[in-house]
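Trainee: Numbering (my numbering), first residue to last: 27 to 504.
Virtual Cβ for every residue (Gly too), placed ideally from N, Cα, C.
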Amino acid sequence: MQPLFTSAWTHGRGQNGSRPDAILADPESVQQWAISDLPIIHRTLLGQRTDESNWRDEEVGWGLILPYDPALSRAKLQTADDAPEPIRALVQQRRGVILRYDRTKPEYLFDPRIDPPLSITSSPLGMARGCIPFYILIYGSPDALPWGLQTHLSIGRAVGRLDLVGTALENYVAALMNDWRDQHADPQQIVSWSVDFGGSDITSLMREVLVKLLLKRLRNNDTQHELHIHEIGGDEPATGAALLQRLSLTKPGLVITTSHGQTEPLDRPDFMRATLGLPVDQGMRVVQPSDLLAVWEPGGAIWYQHSCCSAGCRAESVFRYLFNPNHGIGKVLTKLENVGECTAPLPRALLGAKRPLRAFIGHVEPTFNVTLAYHDPFEQTTQQTTQDIIKAIADGLYCQAALPLGLALQQTWFRYSSKYYYGHQQALRSLRQYGNKTPSEPLVMHALLMRLIAEDRSAMVILGDPTVTRPALPSEQR
């Protein structure tokens with residue numbers, strides 16, 4: 027198997043595995059993880075005449091998920107009365123559907139208007155009873171509404187989350203309800219910040235097959251407006267100071283960052299929760315949200331950060347049983363369980379700012395090099411897998427039509443993740459068919475890679491409302 031690199035940062039260095047046999051669990055556990063079944067992928071298709079970008083359409087729809095409270099009457103469960111006032115105002119403005127989630131029944135959502143529960147992965151789309159809208163906003167902490175709910179819903183829907191309270195929640199909802207009117211993020215300004223430690227870890231790969239290709243696609247896009255791309259990294263070291271300076275000067279509509287994400291100190295879960303996923307710069311220093319907001323107001327920008335736990339972390343990693351818990355990334359995953367289900371501090375700070383971010387795209391797990399480029403054990407070729415996120419941002423979010431962020435990601439990143447689920451299922455069928463009649467190691471390795479990629483991709487989430495679009499270009503402004 028090719029060396030495994032990940033984007034976690036502990037003990038002053040990136041986590042990597044030049045010897046997979048040293049960092050993976052015992053062979054039996056690895057094989058069991060590789061051949062365990064993944065969820066079956068369903069994506070309900072809309073009618074050919076339905077415009078998926080129109081969340082106001084009854085056949086598409088927008089809905090809110092809140093926790094199920096058995097103490098509330100059915101009539102109360104159909105309202106957002108138990109949510110903070112800004113959420114109630116948003117639901118009233120959008121006339122959205124209220125759905126409820128019960129942690130004891132994780133495969134279902136509940137529509138208080140009817141009795142039967144709704145399957146998260148196979149229910150029909152829309153605003154009608156018994157349907158789940160295409161655009162979903164989850165309001166609440168992952169403690170009550172776990173990341174697994176969001177990642178499973180994202181298979182077939184455009185899903186975002188808000189984990190804000192108080193003034194921060196008021197700031198975001200007010201901006202969302204007036205579509206960031208009078209805020210200053212400039213969509214023609216794009217800041218890219220890409221740490222590169224020279225090939226010794228995952229950062230060089232992220233820069234080569236993700237950032238450089240994405241920027242090339244953006245430069246060749248079809249917005250009919252010139253884009254000013256400010257690239258930090260390579261010739262200009264990707265320091266925190268350089269990022270702060272460029273953000274304050276350009277006020278970009280899009281920010282793209284790749285780096286390691288902070289996951290230390292491992293033995294202090296409270297401190298790790300407060301710094302979880304923060305970008306680690308070229309000088310091995312952590313970029314603090316307070317420093318960013320001291321010189322820059324997001325003002326309706328969108329931020330994509332590709333790094334470990336940039337959006338948050340799970341109480342139990344989907345990769346937990348793949349790695350040796352006493353070595354490298356396995357040890358990090360074990361310690362992250364002590365942090366528990368949470369949202370990372372950077373997106374919380376930016377989304378709750380006085381002039382808030384529109385949305386943040388990040389991960390709730392460590393990310394791996396094989397999700398960017400993997401070595402196919404059968405074809406003996408290297409397959410790049412970044413084209414889907416590149417298309418989502420350059421062709422969906424930044425195209426002339428400017429798709430909603432949730433739809434842009436759904437049409438590419440999440441929809442085409444299914445090929446890795448199907449690749450995993452195909453490998454399992456082959457293993458069950460041939461058993462010991464053929465050498466099983468390449469098939470097991472293929473199953474492992476397909477599952478690793480599928481799980482890694484599913485851990486990408488949106489924080490913020492999934493209906494947001496990029497800031498309007500000059501010709502689009504009213």
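1. Among Pro143, Arg120 and Asn246, whose alpha-carbon lies nearest the alpha-carbon of Lys131?
2. Assuming Leu377 and Val313 are in contact, meaning their beta carbons sit under 8 angstroms apart, how far apart are those beta carbons, in whole angstroms?
3. Short of 8 angstroms in beta carbon distance, which residues of its chain neighbour Asp293, apart from the five on each side in sequence? Order them along the chain.
4. What would DSSP say about Ile488, mapped onto helix, strand or coil?
5. So is Asn350 buried or exposed if we call it buried at 16+ other beta carbons inside 10 Å?
6. Here's the rule: buried if 16 or more other CB atoms are within 10 angstroms of the residue's CB, otherwise exposed. What is Leu254?
7. Let me know the alpha helix (DSSP H) ranges lying completely inside the segment 356-421, each 4 residues or longer, listed in chain order.
8. Decide yes or no for the touch test of the segment 481-488 against the segment 421-439: beta carbon pairs closer than 8 angstroms, at least 3 of them.
9. Among Val235, Phe223 and Arg381, whose alpha-carbon lies nearest the alpha-carbon of Asp205?
10. Between which two residues does the beta strand (DSSP E) carrying Thr276 extend?
11. Glu84: buried (16+ other C-beta within 10 angstroms of its C-beta) or exposed?
12. Do Phe386 and Gly490 come within 8 angstroms of each other at the CB atom, strictly closer than that value?
13. Is it buried or exposed, Asn246, if we count other Cβ atoms within 10 angstroms and call 16 or more buried?
14. Residue range of the alpha helix (DSSP H) that Gly89 falls in?
15. To which residues of the same chain is Ala264 closer than 8 angstroms at the C-beta, ignoring the five residues directly before and after it?
16. Based on the DSSP secondary-structure assignment, which residues constitute the bridge partners of Asp317?
17. Relative to the C-alpha of Arg233, which candidate in Thr412, Leu280, Leu273 and Cys339 has its C-alpha closest?
18. To which residues of the same chain is Ala434 closer than 6 angstroms at the C-beta, ignoring the five residues directly before and after it?
19. Might you give, ordered along the chain, the residues of its own chain that have their beta carbon closer than 8 angstroms to the beta carbon of Glu391, omitting 5 neighbours on each side?
20. Tell me the DSSP bridge mates of Val281?
21. To the nearest angstrom, how far is the alpha carbon of Tyr446 from that of Gly432?
22. Ala427: which of Ile488, Trp322, Cys368 and Glu502 sits nearest, CA to CA?
23. Can you list, in chain order, the residues of its chain whose CB lies under 8 angstroms from that of Leu244, leaving out five sequence neighbours each side?
24. With a Cβ-Cβ cutoff of 8 angstroms, do Met298 and Val365 count as a contact?
25. In whole angstroms, what is the alpha-carbon distance linking Ser226 and Thr408?
26. Leaving aside the five residues before and after Thr493 along the sequence, list all residues of the same chain whose C-beta is less than 7 angstroms from its C-beta, in chain order.
27. Return the chain-ordered list of same chain residues with a C-beta closer than 6 angstroms to the C-beta of Arg114, the five sequence neighbours on each side being excluded.
28. Thinking C-beta only, is Gly186 closer than 8 angstroms to Leu163?
29. Considering only the alpha carbon of each residue, which of Val237, Thr369, Pro278 and Gln271 lies closest to Thr301?
30. Assuming Ile328 and Arg496 form a contact by the criterion Cβ under 8 angstroms, report the distance between their Cβ atoms to the nearest whole angstrom.
31. Check this for me: beta carbons of Gln176 and Pro138, under 8 angstroms apart or not?
32. So, helix, strand or coil for His254, using DSSP?
33. Would you check if the distance between the CB atom of Ser149 and the CB atom of Ile158 is smaller than 8 angstroms?
34. By the DSSP assignment, the alpha helix (DSSP H) with Leu103 in it spans what residues?
35. Strictly by DSSP, which residues pair up with Cys339?
36. Throw me the rounded Cβ distance for the Leu240 and Ile416 pair, which I believe falls under 8 angstroms.
Mentor: Per the coordinate set shown:
1. Along the sequence shown, read from residue 1 onward, the residue named residue 131 stands at position 105. With distances taken between Cα atoms, Lys131 lies closest to Pro143.
2. If you number the sequence shown from 1, residue 377 lands on position 351. If you number the sequence shown from 1, residue 313 lands on position 287. In fact, because the Cβ distance is near 16 angstroms, the residues do not count as touching under 8 angstroms.
3. In the sequence shown, the residue the question calls residue 293 occupies position 267. The residues are Lys361.
4. As a position in the sequence shown, residue 488 is number 462, starting the count at 1. Reduced to three states, the DSSP call for Ile488 is strand.
5. The count along the sequence shown starts at 1 and reaches residue 350 at position 324. When all chains shown are included, Asn350 counts as buried.
6. By one-based count along the sequence shown, residue 254 stands at place 228. Going by the sequence as given, residue 254 is His instead of Leu. Looking at its Cβ environment, which holds fewer than 16 other Cβ atoms inside 10 Å, His254 is exposed.
7. 371-377 and 413-416
8. yes
9. On the sequence shown, residue 205 is found 179 positions in, with the first residue counted as 1. Answer by Cα proximity: Arg381.
10. Here residue 276 corresponds to residue number 250 of the sequence shown, with the count starting at 1. Taken as a continuous stretch (DSSP letters only), Thr276 belongs to no beta strand (DSSP E), being part of the alpha helix (DSSP H) at Gly266 to Thr276.
11. Sequence index remark: in the sequence shown, residue 84 carries index 58 (1-based). It counts as exposed.
12. The residue labelled residue 490 in the question sits at position 464 within the sequence shown. The residue labelled residue 386 in the question sits at position 360 within the sequence shown. Closer than 8 angstroms, so yes.
13. Against the sequence shown, residue 246 aligns to sequence position 220. That one is exposed.
14. Working through the sequence shown from its first residue, we reach residue 89 at position 63. First-last for Gly89: Trp88 to Pro93, but that is the beta strand (DSSP E), not the alpha helix (DSSP H).
15. Indexing the sequence shown from 1 puts residue 264 at position 238. Contacts found: Trp219, Ser220, Val221, Asp222, Ile258, Ser285, Asp307 and Gln308.
16. Along the sequence shown, one-based indexing puts residue 317 at 291. Answer by DSSP bridge pairing: none, since Asp317 is not bridged.
17. As a first step, residue 233 must be located in the sequence shown, where it is residue number 207. Closest by alpha carbon: Thr412.
18. The residue labelled residue 434 in the question sits at position 408 within the sequence shown. Closer than 6 angstroms at the Cβ level, and outside the excluded window around Ala434, lie Ala418, Gly422 and Leu423.
19. For the purposes of this step, residue 391 is taken as the residue at position 365 of the sequence shown. Contacts found: Cys334, Cys335, Cys339, Arg340, Ser343, Val344, Phe345, Glu481, Asp482 and Ala485.
20. To locate residue 281, count along the sequence shown from 1; it is residue 255. Answer is Val217 and Trp329.
21. Translated into the one-based positions of the sequence shown, residue 446 becomes position 420. Translated into the one-based positions of the sequence shown, residue 432 becomes position 406. Cα to Cα, Tyr446 sits roughly 21 angstroms from Gly432.
22. Working through the sequence shown from its first residue, we reach residue 427 at position 401. The shortest C-alpha separation from Ala427 is found at Glu502.
23. Looking up residue 244 in the sequence shown gives position 218. Ile216, Leu253, Ile255, Ile419, Ala420 and Tyr424, listed in sequence order.
24. The sequence position of residue 298 within the sequence shown is 272, counting from 1. The sequence position of residue 365 within the sequence shown is 339, counting from 1. Yes, they are a contact pair.
25. As a first step, residue 226 must be located in the sequence shown, where it is residue number 200. As a first step, residue 408 must be located in the sequence shown, where it is residue number 382. Whole-angstrom Cα-Cα distance: 19 angstroms.
26. The count along the sequence shown starts at 1 and reaches residue 493 at position 467. Cβ within range, chain order: Trp81, Trp88, Tyr161, Pro430 and Gly432.
27. Locating residue 114 in the sequence shown gives position 88, counting from the first residue. Same-chain partners within the cutoff: Ala106.
28. Locating residue 163 in the sequence shown gives position 137, counting from the first residue. Locating residue 186 in the sequence shown gives position 160, counting from the first residue. Cβ distance < 8 angstroms, so Leu163 and Gly186 count as in contact.
29. Indexing the sequence shown from 1 puts residue 301 at position 275. Thr301 has its Cα closest to that of Thr369, out of Val237, Thr369, Pro278 and Gln271.
30. Here the question's residue 328 lines up with position 302 in the sequence shown. Here the question's residue 496 lines up with position 470 in the sequence shown. That pair is a contact at about 6 angstroms.
31. Along the sequence shown, one-based indexing puts residue 176 at 150. Along the sequence shown, one-based indexing puts residue 138 at 112. Contact flag unset, no.
32. For this step, residue 254 is matched to residue 228 along the sequence shown. Of the three classes helix, strand and coil, the one that applies to His254 here is strand, per DSSP.
33. Here residue 149 corresponds to residue number 123 of the sequence shown, with the count starting at 1. Here residue 158 corresponds to residue number 132 of the sequence shown, with the count starting at 1. Yes. Within cutoff.
34. One-based indexing of the sequence shown puts residue 103 at position 77. Taken as a continuous stretch (DSSP letters only), the alpha helix (DSSP H) holding Leu103 covers Arg100 to Leu103.
35. Counting from 1 along the sequence shown, the entry for residue 339 is found at position 313. Per DSSP, Cys368.
36. As a position in the sequence shown, residue 240 is number 214, starting the count at 1. As a position in the sequence shown, residue 416 is number 390, starting the count at 1. The Cβ separation is near 5 angstroms, so the contact holds.
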